[in-house]
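Enquirer: Structure in structure tokens, see below.
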Amino acid sequence: MSSEDKEAQEDELLALASIYEDEFKRAESVQGGEIRVSVDLPQNFSIFVSGSSTDNLQDSKFECTVCFLPPIVLNFELPADYPSTAPPVFALSSKWLSLLQLSALCKHLDNLWEENQGCVVLFAWIRFLKEETLAYLNITSPYKPKIYDHRKEPNITNKEEVCYSIAASATAQEETLDVRAVQDVESLSSLIREILDFDRAQGEKCFNNKMYLCNICFSEKLGKECMYFMDCRHVYCKACLKDYFEVQIRDGQVHCLNCPEPKCSCVATPGQVKELVEEQLFARYDRLLLQSSLDLMADVVYCPRPCCQTPVMQEPSCSMGICPKCSYAFCTLCKMTYHGVSPCKVTAEKLVDLRNEYLEADETTKKFLEQRYGKRVIQKALEEMESKEWLEKNSKSCPCCGTPIEKLDGCNKMTCTGCMQYFCWLCMGSLSRANPYRHFNDPASPCFNLLFQTMQNDADLWDDDDDDDDED
């Protein structure tokens with residue numbers, strides 16, 4: 021290595037380390053390193069991905085606007101006769117550029133070297149990748165990245181091995197896919213995660229390094245001392261927002277953590293609240309937020325034990341609730357111990373009074389009644405009352421199990437749909453399973469020869485037979 025080449029290489033590497041302090045990493049054992057180049061994007065640049073079954077995104081589409089894309093990574097090694105004679109040995113890798121696109125970039129880097137042979141070229145390469153990549157590859161918004169099947173492409177996994185082995189192979193440059201091009205991503209789904217994570221991280225980094233004016237205390241502070249609301253992007257210092265959040269939470273106004281900007285309805289996220297307030301206060305915020313959400317759910321009731329009051333999910337077709345905390349089984353209607361099919365201790369008159377009280381109550385009382393009984397319980401009780409009135413007029417209860425039975429036509433020998441017991445529709449007596457029709461054929465039976473008797477005069481017919489025993 022000539023002294024001129026050695027000096028030029030050292031100067032170039034030192035300049036890279038000084039200018040690209042966070043993006044450049046110098047190799048330890050050779051003259052070379054890695055530079056991460058962030059491509060300049062226009063405003064409102066978007067990524068569009070159409071899902072495929074191989075990416076678990078079948079029949080789905082994804083589009084998002086980003087300000088930053090993961091960098092193009094340039095790994096390079098400087099030969100002994102660089103820059104006087106030989107170009108740098110390099111490899112290009114990217115997550116969002118295809119192998120064909122990366123191959124085109126590799127070819128253009130070769131052309132830049134040919135134009136500047138004898139001079140250091142890394143800065144020209146970096147400037148091109150940063151400022152001209154989109155225009156050179158004719159990439160416009162929305163950009164649709166493509167992922168190649170790595171099983172069909174050269175098995176290239178080690179970037180440094182590529183750099184040190186190809187030695188600017190002329191044969192490789194003649195192929196459509198350049199072996200120096202590496203697409204460093206497995207699937208479209210993983211690419212989406214990479215893009216979103218990088219865009220968020222870079223956005224936070226840029227935010228933290230800028231100065232902002234807080235419209236509460238009217239002081240200018242660095243972004244790392246501030247916080248912005250996600251939807252409206254209004255910025256305030258963390259100290260002011262901390263005091264604002266704490267006052268609202270102590271007052272129980274967990275739904276009022278809005279942006280302080282007048283007429284702005286954007287709300288702070290739980291993560292932002294957790295970052296600013298102390299642990300105990302956030303626990304109160306979290307509890308009140310959950311409580312208010314549960315109060316709006318019609319299928320949630322509360323454990324009636326005063327020492328518990330745990331929310332309990334109510335099944336739509338069941339009046340039994342089981343507390344997940346204390347295991348207390350209770351009736352969701354009367355809040356007493358679950359009583360199965362036995363009549364509820366809350367009378368129909370009480371339910372009517374409860375409904376009337378709820379309709380006439382103010383918001384505070386309504387909220388108390390909903391916590392006490394549950395909105396769904398009130399509605400269900402009224403529906404059951406209407407159903408009970410209809411059943412009393414149009415059905416009779418099985419003498420064995422009490423199941424309501426409606427008779428539309430046919431004979432008076434009935435079969436209960438619940439317990440399959442035979443009974444007489446006229447006198448409601450249980451019938452023998454062996455010979456249920458004996459009840460209608462026995463002259464001593466009050467229903468003798470009335471197997472097909474209608475019930476038009478049912479009340480008059482049986483006034484004199486109230487004390488007769490049912491026949492099995």
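With positions in the sequence shown counted from 1, the corresponding number in my numbering is that position plus 20.
Glycine included, each C-beta is placed from N, C-alpha and C at the ideal position.
List the endpoints of the continuous beta strand (DSSP E) containing residue 96.
Expert: From DSSP, the beta strand (DSSP E) with residue 96 extends over 92 to 97.
Enquirer: Whose C-alpha, out of 349, 433, 439 and 197, is nearest the C-alpha of residue 422?
Expert: 439
Enquirer: I need the DSSP call for residue 40, collapsed to helix, strand or coil.
Expert: coil
Enquirer: Compute the beta-carbon to beta-carbon distance between residue 472 and residue 431, rounded to the nearest angstrom, for a pair I have assumed lies under 8 angstroms.
Expert: Indeed, because the Cβ distance is near 5 angstroms, the residues count as touching under 8 angstroms.
Enquirer: Between 147, 137, 124 and 131, which has its C-alpha nearest residue 6's C-alpha?
Expert: Nothing about residue 6 can be reported from this structure: the residues present for the chain run from 21 to 492 only.
Enquirer: What is the rounded straight-line gap between the Cα of residue 449 and the Cα of residue 433?
Expert: 10 angstroms
Enquirer: For residue 293, which of helix, strand or coil comes out of DSSP?
Expert: Three-state result, residue 293: helix.
Enquirer: Under the three-state reduction of DSSP, which class applies to residue 375: helix, strand or coil?
Expert: helix
Enquirer: Residue 147: buried (16+ other C-beta within 10 angstroms of its C-beta) or exposed?
Expert: Result: exposed.
Enquirer: Pick out whichever of 374, 346 and 344 has its Cα sitting closest to the Cα of residue 353.
Expert: 374
Enquirer: At the level of alpha carbons, what is the spacing between residue 280 and residue 153?
Expert: 42 angstroms
Enquirer: Starting from residue 201, follow the alpha helix (DSSP H) in both directions and report where the run begins and ends.
Expert: Premise fails: residue 201 lies in the beta strand (DSSP E), 201 to 203, not in any alpha helix (DSSP H).
Enquirer: Where does residue 272 sit, in a helix, a strand or coil, going by DSSP?
Expert: coil
Enquirer: First and last residue of the alpha helix (DSSP H) that includes residue 209?
Expert: Its alpha helix (DSSP H) spans residues 208 to 228.
Enquirer: Report all residues from its chain with a CB closer than 7 angstroms to the CB of residue 40; omit the five preceding and five following residues, and keep chain order.
Expert: 55
Enquirer: For residue 296, collect the residues of the same chain with a Cβ closer than 8 angstroms to its Cβ; drop the 5 residues on either side in sequence, then sort them by chain order.
Expert: 247, 258, 261, 262 and 265
Enquirer: Is the beta carbon of residue 9 sitting closer than 8 angstroms to the one on residue 25?
Expert: Any property of residue 9 remains undetermined from this structure, which presents the chain solely from 21 to 492.
Enquirer: Take residue 325 and list the residues in its own chain whose beta-carbon comes closer than 8 angstroms to its own, dropping the five residues that flank it on each side.
Expert: 343, 346 and 348
Enquirer: Would you mind reading off the limits of the alpha helix (DSSP H) that contains residue 242?
Expert: It is not in any alpha helix (DSSP H) - residue 242 instead sits in the beta strand (DSSP E) that spans 240 to 242.
Enquirer: Identify the continuous beta strand (DSSP E) that holds residue 83 and give its terminal residues.
Expert: 81 to 86
Enquirer: Nearest-angstrom Cα distance between residue 161 and residue 329?
Expert: Each residue's Cα considered, the two are about 54 angstroms apart.
Enquirer: Could you give the distance in angstroms between the alpha-carbon of residue 241 and the alpha-carbon of residue 228?
Expert: 10 angstroms
Enquirer: Are the Cβ atoms of residue 494 and residue 119 separated by less than 8 angstroms?
Expert: The displayed coordinates of the chain run from 21 to 492. Any statement about residue 494 would go beyond what the structure contains.
Enquirer: Taking 7 angstroms as the cut-off, does the CB of residue 213 come closer than this to any heavy atom belonging to the ligand MG?
Expert: The ligand MG is not among the ligands present in this structure, which contains no ligands whatsoever.
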